[in-house]
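Colleague: First the structure, which I've put down as structure tokens, then a few questions once you've had a look.
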Amino acid sequence: MKHILVVGGTRNVGYALTQELVKYDHHITLLNRGKDGLPLPPGVHRLHADRTDPQQLKRALMAKNFDVVVDFALYKGQEAETMVNLLTGHVGRYIFMSTGQVYLVREGAKRPFSEEDYEGRVMPAPKELTYAFEEWEYGYHKRMAEDVFIAAHVERGFPYNSLRLPMVNSERDPFKRLYNYYLRMKDGGPILIPETPNFPLRHVYGMDVVKALMLLIENDAAIGRAYNISQDETVSVDEFLGLLGKIMGIIPDIRRYSRSELEAAGFLPDCSPFTERWMSELTNERSKAELGMTYTPLEEYLQRLVTYYEHTEIKPPPTFKRRHAEVEFVERNPY
Numbered sequence: 001m002k003h004i005l006v007v008g009g010t011r012n013v014g015y016a017l018t019q020e021l022v023k024y025d026h027h028i029t030l031l032n033r034g035k036d037g038l039p040l041p042p043g044v045h046r047l048h049a050d051r052t053d054p055q056q057l058k059r060a061l062m063a064k065n066f067d068v069v070v071d072f073a074l075y076k077g078q079e080a081e082t083m084v085n086l087l088t089g090h091v092g093r094y095i096f097m098s099t100g101q102v103y104l105v106r107e108g109a110k111r112p113f114s115e116e117d118y119e120g121r122v123m124p125a126p127k128e129l130t131y132a133f134e135e136w137e138y139g140y141h142k143r144m145a146e147d148v149f150i151a152a153h154v155e156r157g158f159p160y161n162s163l164r165l166p167m168v169n170s171e172r173d174p175f176k177r178l179y180n181y182y183l184r185m186k187d188g189g190p191i192l193i194p195e196t197p198n199f200p201l202r203h204v205y206g207m208d209v210v211k212a213l214m215l216l217i218e219n220d221a222a223i224g225r226a227y228n229i230s231q232d233e234t235v236s237v238d239e240f241l242g243l244l245g246k247i248m249g250i251i252p253d254i255r256r257y258s259r260s261e262l263e264a265a266g267f268l269p270d271c272s273p274f275t276e277r278w279m280s281e282l283t284n285e286r287s288k289a290e291l292g293m294t295y296t297p298l299e300e301y302l303q304r305l306v307t308y309y310e311h312t313e314i315k316p317p318p319t320f321k322r323r324h325a326e327v328e329f330v331e332r333n334p335y
């Protein structure tokens with residue numbers, strides 16, 4: 001039995017991990033602000049703290065030891081320093097949920113990104129109060145946090161791992177990004193796609209992230225390593241939507257317009273969240289070689305997600321509210 005602390009753990013992949021962990025003989029504790037109101041599985045303990053407040057964290061974690069900590073809710077270097085200071089000598093393995101965007105904010109990195117592409121100078125920040133700045137800021141701060149853990153491992157033997165994730169497609173995605181495409185395809189109307197950039201997609205299924213976490217939790221090796229977690233297939237957005245349409249029995253009505261036109265109309269990124277520059281494309285060879293990871297085929301997990309959508313009552317996301325305007329835009333601007 002291992003003592004496992006999950007920081008966050010009530011949304012998306014964290015929720016799925018907790019559900020998986022209770023199947024095994026582990027002592028599980030969740031630490032979060034306690035605002036979600038979700039009932040915990042039997043035997044799961046809860047700690048309340050705002051992780052941005054070091055004193056709250058100190059009171060919550062004082063004198064506690066964990067075999068594994070999985071942190072879904074750490075976003076900045078300062079927060080990483082707090083965890084290193086509190087947990088050094090009190091944790092056997094600390095797993096930081098990072099992002100493929102640590103590569104996207106690096107100058108000169110080429111797709112697809114491997115773990116060896118991490119080192120390098122960070123690009124300057126885009127203009128503030130823009131979508132690009134928000135995405136850059138997210139990747140930049142995740143990178144600063146990784147740098148803290150890397151230094152702590154080298155200097156103090158802090159037992160960290162980083163999992164770098166691309167877009168995660170899952171049943172509980174709080175942003176409902178894949179569901180956005182599903183709704184647009186289901187209503188039979190046009191799907192607006194910007195002409196550029198035309199980067200290939202290489203996402204990951206949420207339950208495969210859970211699988212990678214379980215492998216690390218049960219593995220006594222691989223301390224101090226970062227791993228990209230990403231599906232095997234690399235596809236274009238047309239191929240991706242074509243596969244989704246095949247599963248739904250619908251031929252997608254893809255309409256391409258210049259990015260400037262779609263931005264001026266206020267449609268991006270809502271109308272097509274998977275065609276942004278900030279979608280990372282990651283290799284996965286290290287995770288397969290060192291962790292023994294295998295990945296769910298894209299078509300198989302898309303089928304699971306479509307089945308979930310068809311049998312679950314899901315409130316349309318705010319990003320679907322202007323759907324009527326998208327349809328009217330195409331009517332005014334036919335090919």
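Just so we're aligned, residue 1 is where the sequence shown starts under this note's numbering, counting upward by one. Every residue gets a Cβ at the ideal spot worked out from N, C-alpha and C, and that includes glycine. What you are looking at is a predicted structure, and each value in this text was computed from that prediction instead of being measured.
1) Is it right to say S272 is buried, meaning 16 or more other beta carbons lie within 10 angstroms of its own, or is it exposed?
2) Nearest by alpha-carbon distance to P126: which of A145, S114, R106 and E328 is it?
3) Tell me, which residues are paired with V122 by DSSP?
4) For the pair the region 71 to 78 and the region 240 to 258, tell me if three or more CB-CB distances fall below 8 Å.
5) Would the beta-carbon of V362 fall within 7 Å of that of G188?
6) What first and last residue would you give for the beta strand (DSSP E) that runs through N228?
7) Pick helix, strand or coil for I95, following the three-state DSSP scheme.
8) For my contact list, N228 and R184 are in at a C-beta cut-off of 8 Å; report their separation, rounded to the angstrom.
9) In chain order, what residues of the same chain lie with their CB nearer than 8 Å to the CB of N65, ignoring the 5 residues before and after it?
10) Could you give the residue range of the alpha helix (DSSP H) that holds F72?
11) By Cβ distance below 6 Å, which residues in the same chain neighbour I247 in space, the five residues on each side in sequence not counted?
12) Taking the DSSP output, what are the residues bridged to Y160?
13) Of the residues P317, L178 and D208, which one's Cα is nearest the Cα of G292?
14) Is the CB-CB distance between P41 and G100 below 7 Å?
15) Any contact between the region 172 to 181 and the region 111 to 125? By contact I mean 3 or more CB pairs, one from each, below 8 Å.
16) Since I believe P194 is in contact with L268 (beta carbons under 8 Å), could you give me their beta-carbon distance rounded to a whole number of angstroms?
17) When we look at the beta-carbon of A289 and count the other beta-carbons within 10 Å, is it buried (16 or more) or exposed?
18) Along the alpha helix (DSSP H) that carries N12, what are the first and last residues, could you check?
19) Using 6 Å as the cut-off, classify the Cβ of L40 as near or not near the heavy atoms of the ligand PLP, replying yes or no.
20) Assuming L213 and L17 make a contact with CB atoms under 8 Å, what is their CB distance in whole Å?
21) By a C-beta neighbour count over all protein chains shown, 10 Å radius and 16 as the cutoff for buried, is G43 buried or exposed?
22) Using 8 Å for Cβ pairs, my map puts M279 next to L201. What's the rounded Cβ distance?
23) Starting from P190 and walking both ways along the beta strand (DSSP E), at which residues does that stretch end?
24) Would you list the one or two residues that DSSP bridges to I254?
25) In the DSSP assignment, what residue or residues form a beta bridge with R46?
26) Less than 7 Å between the beta carbons of F352 and F96, yes or no?
27) Compare the beta carbon distance of P308 and E171 with 7 Å and say whether it is the shorter of the two.
28) Report all residues from its chain with a CB closer than 7 Å to the CB of L104; omit the five preceding and five following residues, and keep chain order.
29) Can you tell me whether DSSP reads L178 as helix, strand or coil?
30) Would you say R286 and E116 are within 7 Å of each other, going by their C-beta atoms?
31) Quick one: grab the DSSP three-state call for F199.
Modeller: Quick answer:
1) Within the sequence shown, the letter at position 272 stands for residue 272. It counts as buried.
2) Walking along the sequence shown from the start, residue 126 turns up at place 126. Considering only alpha carbons, the answer is R106.
3) As a first step, residue 122 is located in the sequence shown; it is residue number 122 there, counting from the start. According to DSSP, V122 bridges with R106.
4) no
5) No answer is possible for residue 362: it lies beyond the span of the chain, which begins at 1 and ends at 335.
6) Along the sequence shown, read from residue 1 onward, the residue named residue 228 stands at position 228. Segment A226 to N228, the beta strand (DSSP E) holding N228.
7) Mapped onto the sequence shown, residue 95 falls at position 95. If DSSP states are grouped into helix, strand and coil, I95 belongs with the strands.
8) By one-based count along the sequence shown, residue 228 stands at place 228. By one-based count along the sequence shown, residue 184 stands at place 184. Contact flag wrong, Cβ pair sits at about 30 Å.
9) As a working mapping, residue 65 is identified with position 65 in the sequence shown. Excluding residues within five positions, the ones whose Cβ falls inside 8 Å are H3, H90 and V91.
10) Counting from 1 along the sequence shown, the entry for residue 72 is found at position 72. It is not in any alpha helix (DSSP H) - F72 carries neither H nor E in the DSSP assignment.
11) By 1-based counting over the sequence shown, the position of residue 247 is 247. Once the five neighbours on either side are set aside, the close Cβ partners of I247 are L302, Q303 and V306.
12) Here residue 160 corresponds to residue number 160 of the sequence shown, with the count starting at 1. Y160 is bridged to Y94.
13) To locate residue 292, count along the sequence shown from 1; it is residue 292. Restricting attention to P317, L178 and D208, the CA atom closest to the CA of G292 is found in D208.
14) Position 41 of the sequence shown, counted from the first residue, corresponds to residue 41. Position 100 of the sequence shown, counted from the first residue, corresponds to residue 100. Result no, Cβ atoms of P41 and G100 do not sit closer than 7 Å.
15) no
16) One-based indexing of the sequence shown puts residue 268 at position 268. One-based indexing of the sequence shown puts residue 194 at position 194. Between P194 and L268 the Cβ distance is about 7 Å, and since that is below 8 Å, they are a contact.
17) Counting from one through the sequence shown, the residue named residue 289 turns up at place 289. That one is exposed.
18) To locate residue 12, count along the sequence shown from 1; it is residue 12. That run of the alpha helix (DSSP H) goes N12 to L21.
19) The ligand PLP is not part of the structure shown, which contains no ligands of any sort.
20) Position 213 of the sequence shown, counted from the start, is the residue given in the question as residue 213. Position 17 of the sequence shown, counted from the start, is the residue given in the question as residue 17. At roughly 6 Å, the Cβ-Cβ gap stays under 8 Å, so L213 and L17 are in contact.
21) As a first step, residue 43 must be located in the sequence shown, where it is residue number 43. Counting the other Cβ atoms within 10 Å of the Cβ of G43 gives fewer than 16, which makes it exposed.
22) The residue you call residue 279 lines up with position 279 of the sequence shown. The residue you call residue 201 lines up with position 201 of the sequence shown. The distance from the Cβ of M279 to that of L201 is about 7 Å, consistent with a contact at the 8 Å cut-off.
23) In the sequence shown, counting from the first residue as 1, residue 190 sits at position 190. Where P190 is concerned, the enclosing beta strand (DSSP E) stretches over P190 to P194.
24) One-based indexing of the sequence shown puts residue 254 at position 254. Looking at the DSSP assignment, I254 forms a beta bridge with I191.
25) Position 46 of the sequence shown, counted from the start, is the residue given in the question as residue 46. Per DSSP, L30.
26) One cannot answer for residue 352 here, as it falls past the ends of the chain, which runs 1 to 335.
27) Here residue 308 refers to the residue found at position 308 when the sequence shown is read from its first residue. Here residue 171 refers to the residue found at position 171 when the sequence shown is read from its first residue. Position check: residue 308 holds Tyr in this sequence, whereas Pro was assumed. Against a cut-off of 7 Å, the Cβ pair of E171 and Y308 comes out as a contact.
28) What you label residue 104 is simply residue 104 of the sequence shown in a count that begins at 1. Excluding sequence neighbours, L104 sits near G139, W278 and S280.
29) As a position in the sequence shown, residue 178 is number 178, starting the count at 1. In this structure, L178 counts as helix in the three-state DSSP scheme.
30) Your numbering for residue 286 matches position 286 in the sequence shown. Your numbering for residue 116 matches position 116 in the sequence shown. No, they are not a contact pair.
31) By 1-based counting over the sequence shown, the position of residue 199 is 199. Assigned with DSSP and collapsed to three states, F199 falls in coil, not helix or strand.
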